[in-house]
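Numbering (my numbering), first residue to last: -10 to 364.
Printed below as a string of structure tokens:
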């Protein structure tokens, strides 16, 4: 298997696993919220992890709220973060965990604006300015840092500056960007940021919402008052520790990873472009290092992958695979439904080698060549 689906999930880094294992043993059973030595040890480990998460986002440890993942973090930010009487602005290419909150917000009486994107998937700050001018104040803006399907990176600093002029709070789903790009919340003007462990070579089932003043979402549920009352429930020590180590490694490696993975992406694109006439690249060329989304006109991507069981590649957002509907992201970029169904997403990562890239390109081309009608 050649794994080229890192945008859906990254493999657990061995150092992360090594750090987690001691907290899975019977002698590490302390509840981190308990008032005894076993609990204190667990709590100390969690606070160290909280500091690593904060460092990755350029925030303070007390601003980190652990969640079950980015989906929960996004829901907490939107469903709990839109001010009373205020509105919400998102982009048309947001993850389903963001777009899925909009019907509930509308039902609650919050006006919602969905911003269009250009042909690369980028939001125009002027469009945000116009949208906020028509909404009550204050409102919440949520625009992802980088797109999970086409890799386009959004101009967050410019968008946050527009939001600030309107007195709006700025949140970003930064799940895809943090492993290869530097995002410091204060420098960008962000008040909220969501991240996920399994997109950072960490464990599944853990993520975080980083909350900077004056942003303070209303908790989604009542409970024991953990995490300053923002998210109730006993924290899972092994998962928190794993996320902390993953964030530490990402902070140390992101520049090198970005350069190396970007070179592998460019290598793959060159090989496909040279051998597949008519192939088109979707998204901005200066996007995420590990993302390559292409359209091969005339194919059905889902059927094609059935002939490539040795390649782990996606036909769009992993969260929508099998749904049978064209990607909302590709449609927002202006692609037809037919071209959206003819598109593949390659997600390269920390462990992707040049040999794997070349083999993946060779196998894809071979399958397509074999499917051509013989003259």
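Heads up, the beta-carbon is just placed ideally off N, CA and C, and yes, glycines get one too.
Checklist entry - Does the distance from the C-beta atom of residue 79 to that of residue 87 stay below 8 Å? => result yes
Checklist entry - Where do the N-terminal and C-terminal ends of the alpha helix (DSSP H) with residue 8 fall, by residue? => result 3 to 9
Checklist entry - How far does the beta strand (DSSP E) with residue 271 in it reach, from first residue to last? => result 269 to 271
Checklist entry - residue 245 to residue 28, Cα distance in whole Å? => result 38 Å
Item to check | 8 Å contact criterion, which residue 272 and residue 110 should meet: CB distance rounded | outcome: 5 Å
Checklist entry - In this structure, does DSSP put residue 158 in helix, strand or coil? => result strand
Item to check | residue 180 versus 194, 189, 188, 157, residue with shortest Cα-Cα distance | outcome: 157
Checklist entry - How do the region -5 to 14 and the region 196 to 210 stand: do at least 3 beta-carbon pairs fall below 8 Å, yes or no? => result no
Checklist entry - Quick one: is residue 295 buried, meaning 16 or more other Cβ sit within 10 Å of its Cβ, or exposed? => result exposed
Next on the checklist: Can you give me the C-alpha to C-alpha distance between residue 93 and residue 68, rounded to a whole angstrom?
Outcome noted: 8 Å
Item to check | Three-way DSSP call (helix, strand, coil) for residue 163 in this model | outcome: coil
Next on the checklist: To the nearest angstrom, how far is the alpha carbon of residue 59 from that of residue -5?
Outcome noted: 16 Å
Checklist entry - What's the gap between the Cα of residue 302 and the Cα of residue 274? => result 20 Å
Checklist entry - In terms of residues, what are the limits of the beta strand (DSSP E) holding residue 280? => result 280 to 284
Checklist entry - Mind checking residue 142: buried by the 16 CB within 10 Å criterion, or exposed? => result buried
Item to check | Contacting residues, own chain, Cβ-Cβ under 7 Å from residue 187 (five flanking each side not counted) | outcome: -2, -1, 193
Checklist entry - Counting Cβ pairs, one atom from each stretch, are 3 or more of them under 8 Å apart for the region 135 to 154 and the region 211 to 229? => result no
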